[in-house]
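Peer 1: Numbering (my numbering), first residue to last: 2 to 265. By construction, the Cβ of each residue, glycine as well, lies at the ideal position given by its N, Cα and C atoms.
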C-alpha cells in the first residue's frame, strides 16, 4: 500500500514534491517505466516524473535495502539511454526511522564507476515545509518531532483548511496510513475524521485490497477445511498423525487438535 500511496501523492502533487526536492515548483508529468528500453527491476516502487529538461526519480522506502545503490545506477543508465540530454535527480526517501548504515548510503561503486544520489531520512527533516504544502502533509507526521501525536494534530488542523473535499479526503486517508507507522490506529481515529476519509479514492483502494485479501484468505481456509476433512479417512488407512501431517502439508499440532475434537 505504501508504494501506491507514494505514487499517488507524487503524481497528484508533483509541484509540491518538486518544490521540496528541487527548490522550485516545476510542472512534472508521469514517466512510465515502459518508456525505458528495459523492464524495470521494481516497477511497484518506482516513481519517475519528467519535464522538458529533467527527470525526477523517487524511491520511498520503509526499510533499508541492500540493492538500493545498484538500482539507482541502473535507472540512471536506463534514463540516459532514453533521454541523454535530460538532467536526472534521484532521491531515496526513508519513511521509517532506522540506525542502519544503509539509510545513509548516497553512492554506489562498481569497479571504477561511482554513482551518486541523495538519501532523505524524514525523521531528520524539519516539519515547516511539509505543513505548508498540501501534497506533503501526509508525510509531516514522520518528520522531525519529539511528539508524533502533537504533529498529527497539526496536520489535522492544516487538512481542515483545504476547501476541496475530495482533496481533503484523499490527503486525510493518506495521513492515516503514514501515521500508522508511528501511532496506534485508535489514536489516529480520534484525531482524523474517519467519515471524510471514507469518501476518498485512497480509502476505497485500501478497502478493495482488503476484499481481495479476504477472498484469497477464504480460498485458503477452504483448502484447509478440505484437507482436515480427509484426516479420518487417512487414519482409517493406518497413517500416523505425523504421516498425515506430512501428506497433507499441515502442522502436526493441527492434526492432533482435529483428531482430539473428533474423539470428544
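1) Using CA atoms only, rank isn't needed, just tell me which of 78, 139, 115 and 7 is closest to residue 62.
2) Do you know offhand how far residue 154's Cα is from residue 192's?
3) Measure from the C-beta of residue 241 to each C-beta in chain C and report whether the shortest distance is under 8 Å.
4) By how many angstroms is the C-alpha of residue 36 removed from the C-alpha of residue 102?
5) For residue 163, does the three-state DSSP call read helix, strand or coil?
6) Within a Cβ cutoff of 8 Å, which residues of the same chain sit near residue 128, ignoring the five residues on either side of it in sequence?
7) What's the C-alpha gap between residue 11 and residue 90?
8) If you draw a straight line from the alpha carbon of residue 212 to that of residue 175, how long is it in whole angstroms?
9) How many angstroms separate the CA atom of residue 99 from the CA atom of residue 122?
10) Measuring straight from C-alpha to C-alpha, what distance separates residue 184 and residue 190?
11) Is the beta carbon of residue 49 sitting closer than 8 Å to the one on residue 19?
Peer 2: The structure says:
1) Within the chain shown, numbered from 1, the residue matching residue 62 stands at position 61. Checking every option, the nearest Cα to that of residue 62 belongs to 7.
2) Residue 154 sits at position 153 when you count from the first residue of the chain shown. Residue 192 sits at position 191 when you count from the first residue of the chain shown. Answer to the nearest angstrom: the Cα atoms are 6 Å apart.
3) Although the question refers to chain C, the structure presented lacks it and comprises just one protein chain.
4) In the chain shown, counting from the first residue as 1, residue 102 sits at position 101. In the chain shown, counting from the first residue as 1, residue 36 sits at position 35. Distance between the alpha carbons of residue 102 and residue 36 is about 33 Å.
5) In the chain shown, counting from the first residue as 1, residue 163 sits at position 162. Coil.
6) Position 127 of the chain shown, counted from the first residue, corresponds to residue 128. 141, 144, 145, 146, 152 and 155, listed in sequence order.
7) Counted from its first residue, the chain shown places residue 11 at position 10. Counted from its first residue, the chain shown places residue 90 at position 89. Answer to the nearest angstrom: the Cα atoms are 14 Å apart.
8) On the chain shown, position 211 is the one that residue 212 refers to. On the chain shown, position 174 is the one that residue 175 refers to. For residue 212, the predicted structure reports a pLDDT of 42, less than 50, and the residue's modelled location is therefore unreliable. A value from the coordinates is still provided. Roughly 19 Å separates the two Cα atoms.
9) The residue given as residue 99 occupies position 98 in the chain shown. The residue given as residue 122 occupies position 121 in the chain shown. Each residue's alpha carbon lies about 9 Å from the other.
10) One-based indexing of the chain shown puts residue 184 at position 183. One-based indexing of the chain shown puts residue 190 at position 189. Distance between the alpha carbons of residue 184 and residue 190 is about 10 Å.
11) As a first step, residue 49 is located in the chain shown; it is residue number 48 there, counting from the start. As a first step, residue 19 is located in the chain shown; it is residue number 18 there, counting from the start. No, Cβ-Cβ distance for residue 49 and residue 19 is not below 8 Å.
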